[in-house]
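Beneath this line is the structure, given in structure tokens, with notes to follow.
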Amino acid sequence: MLCREIMQVIEAAYPRDAALGFDNVGLLAGRAEKEVERVYLALDATDAVIDHALEAGADMLITHHPLIFSPLKSVTDEDFVGRRVLKLIRSDLSYYAMHTNYDVLGMAALSEKILGLKDTEVLDVTMEAEGREEGIGRTGRLPEEMSLEECCLYVKHKLNLGSLKVFGDMEQRVSRLAISPGSGKSAIAPAIAKGADVLVTGDIGHHDGLDAVEQGLSVIDAGHYGTEYIFIEDMKRFFEEKMPGVEAVTAPIAHPFQVI
Numbered sequence: 013m014l015c016r017e018i019m020q021v022i023e024a025a026y027p028r029d030a031a032l033g034f035d036n037v038g039l040l041a042g043r044a045e046k047e048v049e050r051v052y053l054a055l056d057a058t059d060a061v062i063d064h065a066l067e068a069g070a071d072m073l074i075t076h077h078p079l080i081f082s083p084l085k086s087v088t089d090e091d092f093v094g095r096r097v098l099k100l101i102r103s104d105l106s107y108y109a110m111h112t113n114y115d116v117l118g119m120a121a122l123s124e125k126i127l128g129l130k131d132t133e134v135l136d137v138t139m140e141a142e143g144r145e146e147g148i149g150r151t152g153r154l155p156e157e158m159s160l161e162e163c164c165l166y167v168k169h170k171l172n173l174g175s176l177k178v179f180g181d182m183e184q185r186v187s188r189l190a191i192s193p194g195s196g197k198s199a200i201a202p203a204i205a206k207g208a209d210v211l212v213t214g215d216i217g218h219h220d221g222l223d224a225v226e227q228g229l230s231v232i233d234a235g236h237y238g239t240e241y242i243f244i245e246d247m248k249r250f251f252e253e254k255m256p257g258v259e260a261v262t263a264p265i266a267h268p269f270q271v272i
């Protein structure tokens with residue numbers, strides 16, 4: 013398939029206009045007319061990911077987070093973003109990013125399913141599609157009421173994590189959970205408004221966590237990567253179902269930091 017044909021299939025499910033206004037999604041480097049037999053799926057377009065994509069013989073790299081986010085005034089080898097863009101173009105590796113459009117139309121429902129939430133609703137509504145609300149995150153009932161400590165173990169198991177950070181009383185009983193994959197500081201207020209007992213997200217700072225607890229919301233910081241790496245296998249399934257003629261190779265799961 014041509015790169016542009018792959019883009020059409022992706023955007024039929026995850027249209028670019030579903031992305032939030034600040035975002036940068038779509039084909040960010042390379043040729044739309046490139047013939048693609050193999051794609052490489054990853055969360056971020058790091059140096060290692062680009063190298064692995066090339067070693068795997070990929071024709072197209074697809075990531076969740078866009079490498080080019082802020083406007084570029086130049087593309088040179090004098091900064092790390094420019095060097096990556098140059099490598100992509102020199103290697104004829106078409107590069108595509110699907111960020112908040114996937115968050116809204118894919119990640120939210122996927123995280124709800126993984127955590128087994130019931131009677132769910134959108135956490136932060138950003139659009140309406142086919143008569144239903146869509147947006148960032150979900151909130152709903154846990155399969156059963158549990159302590160915050162038990163909830164932490166439940167989340168670790170469901171997301172297959174080695175560690176997480178918690179703000180709140182570990183003996184608190186929780187039954188309504190909100191999840192906002194990625195960086196979730198902005199999800200605290202919607203989670204409180206929706207009556208959640210606990211929020212699962214990432215990138216929560218000291219004061220944000222303390223302030224949430226003061227307002228009655230416990231927070232499980234499962235990490236930005238820890239709540240979003242599910243994108244990789246989900247998109248592999250997407251290719252297997254929608255474009256079986258294109259081989260999808262996935263980046264290995266590799267959390268970007270270690271807890272010692």
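Take 13 as the starting number for the sequence shown in my numbering and just add one per residue.
Cβ coordinates follow ideal geometry from the N, Cα and C atoms, glycine included.
Might you give, ordered along the chain, the residues of its own chain that have their beta carbon closer than 8 Å to the beta carbon of residue i, omitting 5 neighbours on each side?
i	result
GLU124	THR132, ARG150, GLY152 and ILE191
ALA6	Residue coverage of the chain in this structure runs from 13 to 272, which leaves residue 6 outside it and unanswerable.
VAL167	LEU127, LEU173, LEU176, VAL212, ILE232 and ALA234
ASP89	ARG95 and LEU98
VAL48	MET13, LEU14, CYS15, ILE18, ASP71, MET72, SER106 and VAL258
ILE204	ALA224, GLN227, GLY228 and LEU229
SER159	MET182, GLU183, GLN184, ARG185 and VAL186
Where does residue i fall in DSSP's three states?
i	result
ASP115	helix
ILE273	Residue numbering for the chain in the displayed model covers 13 to 272; residue 273 lies beyond these limits and cannot be assessed.
VAL261	strand
LEU32	coil
ILE272	coil
Between residue i and residue j, how many whole angstroms is the CB-CB distance? I'm expecting something under 8 Å.
i	j	result
ILE18	VAL258	7 Å
VAL186	LEU154	7 Å
GLY147	ALA121	Actually they are not in contact, since the Cβ atoms of GLY147 and ALA121 sit about 11 Å apart, beyond 8 Å.
THR262	ILE244	5 Å
VAL21	MET255	6 Å
LEU171	GLY238	6 Å
ALA57	LEU84	At roughly 14 Å, the Cβ-Cβ gap does not stay under 8 Å, so ALA57 and LEU84 are not in contact.
LYS206	LEU135	6 Å
ALA260	GLU252	7 Å
PRO202	GLU240	About 18 Å separates the two Cβ atoms, so there is no contact after all.
Looking only at its chain, what residues have a beta carbon closer than 7 Å to the beta carbon of residue i, apart from the 5 residues adjacent to it on each side?
i	result
TYR26	MET110, ASN113, TYR114, LEU117 and GLY118
LEU66	SER103 and LEU105
SER195	GLY214, ASP215 and HIS236
THR139	At residue 139 the sequence reads Met, which differs from the Thr that was named. Counting only Cβ-Cβ distances below 7 Å, and skipping sequence neighbours, we find ALA30, VAL116, GLU146 and GLY147.
PHE81	ASN36
Between which two residues does the alpha helix (DSSP H) carrying residue i extend?
i	result
GLU90	Taken as a continuous stretch (DSSP letters only), GLU90 belongs to no alpha helix (DSSP H), as it is neither H nor E.
LYS130	Segment 130–141 is the beta strand (DSSP E) holding LYS130; no alpha helix (DSSP H) there.
GLU45	Neither: GLU45 is in no alpha helix (DSSP H) and is coded neither H nor E.
TYR26	Where TYR26 is concerned, there is no enclosing alpha helix (DSSP H), given that its DSSP letter is neither H nor E.
PHE279	Past the edges of the chain, shown from 13 to 272, lies residue 279, and the structure says nothing about it.
ALA121	120–126
For residue i, report the span of its beta strand (DSSP E) as first-last.
i	result
TYR107	106–109
ILE232	230–233
Let me see if you follow: with CB-CB separation under 8 Å, is residue i close to chain D or not?
i	result
HIS236	Given the protein chain composition of this structure (a single chain), no chain D is represented.
Quick one: residues in its chain with C-beta nearer than 6 Å to the C-beta of residue i, no 5 flanking neighbours on either side, listed in chain order?
i	result
GLY221	PHE179 and VAL231
PHE225	One point to set straight first is that residue 225 is Val, not Phe, in the sequence displayed. So the list reads PHE179 and GLY180, once near-sequence residues are dropped.
ASP35	HIS111 and THR112
ILE74	VAL51, LEU53 and TYR108
MET247	LEU53
GLU23	none
LEU39	TYR108
Checklist entry - What residue ranges within the segment 157–213 form continuous alpha helix (DSSP H) runs of no fewer than 4 residues, ordered along the chain? => result 160–171 and 200–205
Checklist entry - What are the complete alpha helix (DSSP H) segments, minimum 4 residues, inside the segment 48–87? => result 59–67
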